[in-house]
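Those protein sequences? They're chains A and B, same order as listed.
The numbering of the first sequence is UniProt numbering, which starts it at 1 and goes up by one.
The numbering of the second sequence is UniProt numbering, which starts it at 1 and goes up by one.
Glycine included, each C-beta is placed from N, C-alpha and C at the ideal position.
Structure first, commentary second.
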Amino acid sequence: MKFRGKIVDGACLNHFTRVSNMIAKLAKTCTLRISPDKLNFILSDKLTSGGVSMWCELEQENFFSEFQMEGVSAENNEIYVELTSENLSRALKTAQNARALKIKLTNKHFPCLTVSVDLLSVSSSSRIVTHDIPIKVIPRKLWKDLQEPVVPHPDVSIYLPVLKTMKSVVEKMKNISNHLVIEANLNGELNLKIETELVCVTTHFKDLGNPSLASENASQDRNPEQMAEVHLDIKKLLQFLVGQQVNPTKALCNIVRNKMVHFDLLHEDVSLQYFIPALS
Amino acid sequence: MKCLVTGGNVKVLGKAVHSLSRIGDELYLEPLEYGLSLRTVNSSRSAYACFLFAPLFFQQYQAVTPGQDLLRCKILMKSFLSVFRSLAMLEKTVEKCCISLNGKSSRLVVQLHCKYGVRKTHNLSFQDCESLQAVFDPASCPHMLHAPARVLGEAVLPFPPALAEVTLGIGRGRRVILRSYQEEEEDNTVKAMVTEMSIGEEDFQQLQAQEGVAVTFCLKEFRGLLSFAESANLNLSIHFDAPGRPAIFTIKDSLLNGHFVLATLSETDPHSKDLGSSELHQPVPQLQNYSTPHMEDFASDDIESFMIAMETTLGSEGSRVLPSISLSPGPQLPNSPDPQSEEEDEAEPTTVPGTPPPKKFRSLFFGSILAPVHSPQGPSPVLAEDSEGEG
């Protein structure tokens, strides 16, 4: 099992840092999957600990100028390691205006993902920062729990409003209630709703648009006005929204009635899928 | 005592108070003929700091008011810091600052003369005290680094704010290495990230230490001094000796000088178990171990050396080498079997009741007794009074 990669381009480095910051906001610990073409950040919570799952995917080519890896075996050419996402984001933070960054698997005193950064300094001398991020290598028998989640057939699929707006709405609602209802229809309408004994608050978003393909696939006979709703833990939704610092190029929300909500985001060339299960 | 600080020097004074406040809870203010000294020591007496402002730093400086004895005083750091709390305010609005101490009123008076004729007067109550004086001698330390504070300031930037200690050492190729210090806990399954900063010799104006030496000290106090030195654009010297002996950080300028003396971690940890102690008795391989990582990490492009076996993570606990141990630059002081020092090690926890030292930081004052060569009168020059004021 071997892996090493190198990033030399400043823009790529910044982009990669942004991704790692986002991951750190979304998940405390995550699994990094390394395969010849792709890197994945994976979160797959057990149902007992909330059941949130995340699948973030990026093409290594778009980031790395050098990328070499050798998986567990020829037929299983992949590596799965678990790490604290905060560590990775902190390590990359020091790589602002770096000459180059190398990232690799090492086994110094314990298994590590080693991030070493060649910093630009005022003088011509080189300054190198090395971060050894402790990792846990995930044995093959557990890989099956970390596969790309199957997206279930949504009842309604709708484009999301500006995430910042949504975040500030949900933030305020969190002060009043622990639960939130997301409902949407095929007419481009999405509502965020909280209900308590004393008050009921609903925020309406209109003209959001529904992706054509999804609406065809969804029940054809569905009344476009009919809402599909799902009850969520408001904290989990907020955590997802807080993690989104940059508005994505595409943001889609798929609602499976009373089961789950699936967010499908695209940041340039990084795709993020986030699943929040419904409260029963 | 009466002194007047004007212009940008008010901020410099404020900054110095800020960096002192990272160390101790009490500030010792002592007007001397050759300048005003501000000193502090932390409660476990493992860190001491002193700034001396030369008479030229002030627009007006009078150590002794005619007809009065030389006064010195001890005040609460908190109350003195509150005068200088906002550095931005000092810079923007304060035009001059007048500090006066007289025995009659039993008050230390700090007056800030601000813009538009606003005058803020702080009357601070104080205690009489003995002169606080740590015994240390930079010249006795065999190792020395000298660099612009900015270089060292940038070097500590990547370390997490919560990190308690760093190890400073000289690695292969005479590169200066700063590394996060991890306490060795054998049952610790959740390991923290280890960060290492490696700086070329060229960034240092003077580097007087051979490869392999290293000391571990508290980062918080070091950051305090660095932020002062960086703002004043000064150079910083670090003098250090074997692990367990105090490290001395000095800054110097025509108008002021500062000394921070920090205890360093003594490597003979009584808690270190079999695994640790067996490592400790092999100083030579450790030195190599210490300086290798960054060279491999960056310079080498050979993928074969980055092998990592999946099975090692589960099975081979026994062969694992703890990172902090590999950092140790060798056995402790050459004179460590000295019964006197043994005794002091034992005595240390009892001298600071209620604060059992979690780490083997030797108190500075013990450290100074350890070297009677530099303190000819023996133990007596420990002039500091008890921090708790037992009277």
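Around M1 (chain A), the same chain offers E70, G71, V72, I79, L105, V137 as residues with beta carbons nearer than 8 Å, after the five sequence neighbours per side are excluded.
At a cut-off of 8 Å between beta-carbon atoms, G200 (chain B) makes contact with chain A. Taking each of B:I199, B:V261, B:E154 in turn and checking the Cα distance to A49 (chain B), the smallest one comes out for B:V261. Under the three-state reduction of DSSP, C56 (chain A) is assigned to strand. One finds M193 in chain B with Cβ atoms closer than 7 Å to the Cβ of N87 (chain A), taken in chain order. The beta carbons of V261 (chain A) and I158 (chain A) sit no closer together than 8 Å. For I23 (chain A), no beta strand (DSSP E) run applies; the uninterrupted alpha helix (DSSP H) run containing it begins and ends at 10 to 26, by DSSP.
With a threshold of 16 other beta carbon atoms within 10 Å, C3 (chain B) meets it and is buried.
Only residues of its own chain outside the window of five on either side were considered, and among them A278 have a CB closer than 6 Å to the CB of K259 (chain A), listed in chain order. A distance below 8 Å separates the beta carbons of H146 (chain B) and N235 (chain B).
Contacts between P160 (chain B) and chain A, judged by CB atoms closer than 9 Å, involve R90 in chain order. Only residues of its own chain outside the window of five on either side were considered, and among them V181, I182, E183, A184, T202, T203, H204, F205, M227 have a CB closer than 8 Å to the CB of N191 (chain A), listed in chain order. Listed in chain order, the non-local C-beta contacts of L90 (chain B) below 6 Å within the same chain comprise V10, K11, G14, local neighbours out to five positions each way being set aside. Straight through space, the alpha carbons of I34 (chain A) and I133 (chain A) are spaced by roughly 16 Å. Remark: C-beta atoms of V230 (chain A) and T195 (chain B) do not approach each other more closely than 8 Å.
Along the length of the region 231 to 280 of chain A, whole alpha helix (DSSP H) runs at least 4 residues long occupy 234 to 242, reported in chain order. Taking 8 Å as the cut-off between beta carbons, none of the residues of the region 36 to 55 of chain A comes near chain B.
Classified as exposed, S131 (chain B) has fewer than 16 neighbouring CB atoms from the shown chains inside 10 Å of its CB. Cβ atoms of D9 (chain A) and S65 (chain A) come within 8 Å of each other, at about 7 Å.
In this chain, the beta strand (DSSP E) harbouring H204 (chain A) covers 200 to 205. Counting along the chain, V213 (chain B) sits inside no beta strand (DSSP E), nor does DSSP assign it H or E at all. DSSP places M173 (chain A) in no beta strand (DSSP E) but in the uninterrupted alpha helix (DSSP H) bounded by 163 to 174.
The three-state reading of DSSP puts D155 (chain A) in coil, since its state is none of H, G, I, E or B.
Around the C-beta of A162 (chain B), fewer than 16 other C-beta atoms lie within 10 Å, and the residue is accordingly described as exposed. Across the structure, L265 (chain A) and I255 (chain A) are spaced so that their CA atoms are roughly 14 Å apart. No Cβ-Cβ contact shorter than 8 Å links Q245 (chain A) with L26 (chain A).
Annotation for P31 (chain B): M1, A63 place their beta carbon closer than 6 Å to its own, counting only its chain and skipping 5 residues before and after. Only buried fits R223 (chain B), as 16 or more other CB atoms lie within 10 angstroms of its CB. Note on N210 (chain A): 16 or more other CB atoms within 10 angstroms of its CB, so buried under the neighbour-count rule. By the Cβ neighbour-count rule, Y28 (chain B) is buried, with 16 or more other Cβ atoms within 10 Å of its own. Taking a Cβ-Cβ cut-off of 7 Å, M144 (chain B) has no neighbours in chain A, whose nearest Cβ is about 19 Å from it. Residues of chain B with a Cβ closer than 7 Å to the Cβ of D132 (chain A) are, in chain order, M193, V194. When DSSP reads this structure, K193 (chain A) sits in a beta bridge with A:V181, A:T202.
Separation of D207 (chain A) and V150 (chain A) (C-alpha to C-alpha, rounded to the nearest whole angstrom) is 28 Å. Chain order gives the chain B residues near S125 (chain A) as I199, G200, E201, E202, D203, where near means a beta carbon separation below 9 Å.
Nearest in C-alpha terms to F84 (chain B), of all of B:D241, B:V17, B:K191, B:D203, is B:V17.
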